[in-house]
Structure formats: structure tokens, C-alpha cells
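Structure, as C-alpha cells:
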Amino acid sequence: VSQRKKFAAVTHIIGIFAITSVLVATQASGWIAHSLALSSVAFPVWQALRCVKQHFSTESIGGHLLFGVLSLVIALVLFGVPAYLTIAPADSHYHLAATSAFMLVIMLIFMLAFAVNILQSLLLKLRSQIHTDPLTGAKNRHFFYEIAPKLSAHAKRKHETLSLVACDIDYFKSINDEHGHVIGDIALKRFCEIIQSQLRQEDTLIRMGGEEFLILSPQYDGDKAAQMAERLRKTISETTISARGVNISLTASFGVMQMPPDADLFTTVKSADQALFDAKANGRNKVIMV
Numbered sequence: 041v042s043q044r045k046k047f048a049a050v051t052h053i054i055g056i057f058a059i060t061s062v063l064v065a066t067q068a069s070g071w072i073a074h075s076l077a078l079s080s081v082a083f084p085v086w087q088a089l090r091c092v093k094q095h096f097s098t099e100s101i102g103g104h105l106l107f108g109v110l111s112l113v114i115a116l117v118l119f120g121v122p123a124y125l126t127i128a129p130a131d132s133h134y135h136l137a138a139t140s141a142f143m144l145v146i147m148l149i150f151m152l153a154f155a156v157n158i159l160q161s162l163l164l165k166l167r168s169q170i171h172t173d174p175l176t177g178a179k180n181r182h183f184f185y186e187i188a189p190k191l192s193a194h195a196k197r198k199h200e201t202l203s204l205v206a207c208d209i210d211y212f213k214s215i216n217d218e219h220g221h222v223i224g225d226i227a228l229k230r231f232c233e234i235i236q237s238q239l240r241q242e243d244t245l246i247r248m249g250g251e252e253f254l255i256l257s258p259q260y261d262g263d264k265a266a267q268m269a270e271r272l273r274k275t276i277s278e279t280t281i282s283a284r285g286v287n288i289s290l291t292a293s294f295g296v297m298q299m300p301p302d303a304d305l306f307t308t309v310k311s312a313d314q315a316l317f318d319a320k321a322n323g324r325n326k327v328i329m330v
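Spelled out as C-alpha cells, the structure:
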């Protein structure tokens, strides 16, 4: 959701509050002033609920704070405002001061929650960019060193299996040398698209560098991971990439390793890399499991 839409939603609510506050100030005491005072609270809250439902995420701290504030406001509107209008003095200036103070506090809290939500969204976006390879859309080495160890630790705590699949495009240097790096980049992107289309939601594709990739497959033992790698190998070998008048046939080699209970992630990656090296040494376009 664009920041412009969020800003427009907030300014719209603040504008309604300002207009209704002026109307309350210009009216004599009575049911008209009471109704306007109530609408100055209820209508912005209703609009806020609409914009929160449409434009704000509840996944962030700011989103939770925003919903908490609005829930409190709704409770005050439904129960507090009618009681206040019933028992409060009839002085219109008193009504105006109380209503303005109440709305000022609520709007300040709302704007604070809005700011927190925006900052949280920016941080999440920045974090996603830091962990994502801009060319292929796969995760990158920053993700591997920061997040992947946490995933492996989680698997150990839950006594779940975790398998790693190291993969590499065969003869990728020849593609760059013969057709240029632009075609090579297109081949890399298409390679990742093929792999991503075959993976489960819980699997993670990481670009370790160049044409080298790593797949983290939680809840997969070595046999299942090897079967997945074989499906990927077959799909890639049957796909022809067409780009700028050039047709390229790719093959890939795979090394599979299930993480032992007493091993760490980096040791397992080293074993998967060795299996990948063996696959390349034995003719490429193969899957080898250790």
C-alpha cells in the first residue's frame, strides 16, 4: 500500500475533526452541540476503522498499537460519550474544552501509532531488501548467515528433519562467455523461477553467489530432498530458455545432505557442497546424496 494513501487517510480524519470542532464551537448548548460533539468523535473513528482495515497491516507493532487505540476509542465512544453528555454540566464552553481535549489526546495517540506503523513498514521493507538478491528474487548470503542458523536451531529444538540441497548451473561460464552477461542474467532468473515453482512454501532458495544456490528444506529427510532435487534436475533439463533470439538449454547438478542431529548448519552445507562437487566430477546433470 502506498504511503500516499496512508497519509491521505490520516489527513482526512484530522480534517473531519477540525471541521466538527469548529461547528461545536459556533453552536449554542443543546442537542445540536451534543450531536456534533458526538459525531466529532464517532465519525473519525469510523473512518479510521475503514482505513485501518483497507490500508494498515496488523503484522507490525504499529498495526497492533493502532488497533488497540481504535478499540479503546470505540469503547469510549459507545459508553463514555453518552454518559458524559448526560451527566456533564450544560455549559457549552465546558463541552467544547472537554471534547477538544479528548479528541486531541486520541488523535495524538493515533498519529503516534500511524508513525510507528510507517517506520515498522519501512524497516520490514529494508530488511527484505537486505536479505533478497535483486537479480533473482532468491534470498542472499546475508539471509544465510543471519536467518538460516535460526531455522536450523528451530529444527533441532522441535526435533524436525532439515535437508540442504546445493545446486549449480552446469557450464554457466560458457553461457556468459558465448552470449554475454545479459543473457547470463536472464538464464539465472529463469533458473530461479523454475526452482521456485517446484518448491514448497516452507522451502527457501538462497543464492550463495554466482550460479551457486542452496535450498533449505525443513521437515524433509535426505530421501525426500533427493527426490525433490531429481524433479528439479529433470524440469530444468527439459526447459529451453529463449532470450533476444538466443535459445539456451540448461542443466544443473545437485548435492543433497540431511543435517545430522549433532551437526551444525555450516558443517552440513560443506557436506552438501562436496556432494555437488562429486555430481559435477561425475558428468554433471546429476543428483548425489550423502
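Take the position in the sequence shown, starting the count at 1, then add 40; the result is the number in my numbering.
Here a beta-carbon is modelled for each residue, glycine too, at the ideal position from N, C-alpha and C.
Asked: Simplified DSSP state of Phe317, which is helix, strand or coil; Found: helix
Asked: Pairwise C-alpha distance: Gly295 and Val205; Found: 6 Å
Asked: 4-residue-minimum alpha helix (DSSP H) runs that sit fully inside the stretch 258-300, ordered along the chain; Found: 262-277
Asked: Sub-9 Å separation of Thr307 and Leu202 beta-carbons; Found: no
Asked: Same chain, Cβ closer than 6 Å to Ile281, neighbours up to 5 away in sequence not counted; Found: Ala227, Arg230, Ile288
Asked: Segments assigned alpha helix (DSSP H), at least 4 residues, entirely inside the stretch 208-259; Found: 212-219, 221-238
Asked: Integer Cβ distance of Cys207 from Leu290, believed to fall under 8 Å; Found: Not a contact, Cβ separation roughly 11 Å.
Asked: Bridge partners - Ile328, DSSP secondary structure assignment; Found: Gly295
Asked: Through-space distance from Leu144 to Lys190, alpha-carbon basis; Found: 44 Å
Asked: Distance, His219 Cα to Tyr211 Cα; Found: 13 Å
Asked: Range of the contiguous alpha helix (DSSP H) that encloses Leu175; Found: No alpha helix (DSSP H) holds Leu175; DSSP gives it neither H nor E.
Asked: Any non-hydrogen atom of the ligand GTP closer than 8 Å to Asp173 Cβ; Found: With respect to small molecules bound, the structure shown includes none, and the ligand GTP cannot be examined in it.
Asked: Own chain, CB closer than 6 Å to Ala265, minus 5 neighbours either side, in chain order; Found: Ser203, Val205, Ser257, Val296
Asked: Cα-Cα separation, Pro174 to Glu251; Found: 14 Å
Asked: Three-state class that DSSP yields for Ala141 in the structure shown; Found: helix
Asked: Segment limits, alpha helix (DSSP H) that includes Ala303; Found: Counting along the chain, Ala303 falls outside any alpha helix (DSSP H), and DSSP gives it neither H nor E.
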